[in-house]
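Student: Numbering (the working numbering), first residue to last: 11 to 144. By construction, the Cβ of each residue, glycine as well, lies at the ideal position given by its N, Cα and C atoms.
(1) Answer with buried or exposed for residue 75, where buried requires no fewer than 16 other C-beta atoms within 10 angstroms of its C-beta.
(2) Ignoring anything shorter than 3 residues or poking outside the region 104–130, list the beta strand (DSSP E) runs there in chain order.
(3) Tell me which same chain residues have a C-beta within less than 6 Å of the C-beta of residue 142, skipping the five on either side of it?
(4) Quick check: the Cα distance between residue 120 and residue 39, rounded to an integer number of angstroms?
(5) Let's see if you can read the secondary structure: which residues bound the beta strand (DSSP E) around residue 13?
(6) Which class does residue 136 belong to by DSSP, given the choice of helix, strand or coil?
(7) Taking the CB atoms as reference points, tell me whether residue 95 and residue 44 lie closer together than 9 Å.
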């Protein structure tokens, strides 16, 4: 009987860990403020290689008034980001980002002192869903 209980506990540990991680990220998103940040430096090869778009933040075109004290927290966003794109939308997105007339932004859940979390990709102010889902 003790062996059976031990097996249940061992099987539940990964599930509890996974639920805890999900809860942590959901709490961060709920407590964060949504901010839109302009992006640049797309690498379309990543779309073909792994369905991620790699980008960097263009602070010169980002509205810094949406942050506390109206100052862009460049240090907290200091890294290169990758945004996952489902395989069926990769070609649509590649076509959109090659069009130099389009503006691309990422919406982040931002909380001062924490790692910003990317929530969605905007092309010309609209959530990118690809042509198949319009």
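Tutor: Here's the rundown:
(1) Against the chain shown, residue 75 aligns to sequence position 65. Looking at its Cβ environment, which holds fewer than 16 other Cβ atoms inside 10 Å, residue 75 is exposed.
(2) Runs found: 114–120.
(3) One-based indexing of the chain shown puts residue 142 at position 132. Residue confidence for residue 142 is low, a pLDDT of 42 falling below 50, so the modelled location carries little weight and cannot support an answer.
(4) Residue mapping note: residue 120 aligns to position 110 of the chain shown, counting from 1. Residue mapping note: residue 39 aligns to position 29 of the chain shown, counting from 1. A direct Cα-to-Cα measurement between residue 120 and residue 39 gives close to 8 Å.
(5) Within the chain shown, residue 13 is the residue found at index 3, counting from 1. Counting along the chain, residue 13 falls outside any beta strand (DSSP E), though it belongs to the alpha helix (DSSP H) covering 12–41.
(6) Residue 136 sits at position 126 when you count from the first residue of the chain shown. Strand.
(7) Indexing the chain shown from 1 puts residue 95 at position 85. Indexing the chain shown from 1 puts residue 44 at position 34. Not closer than 9 Å, so no.
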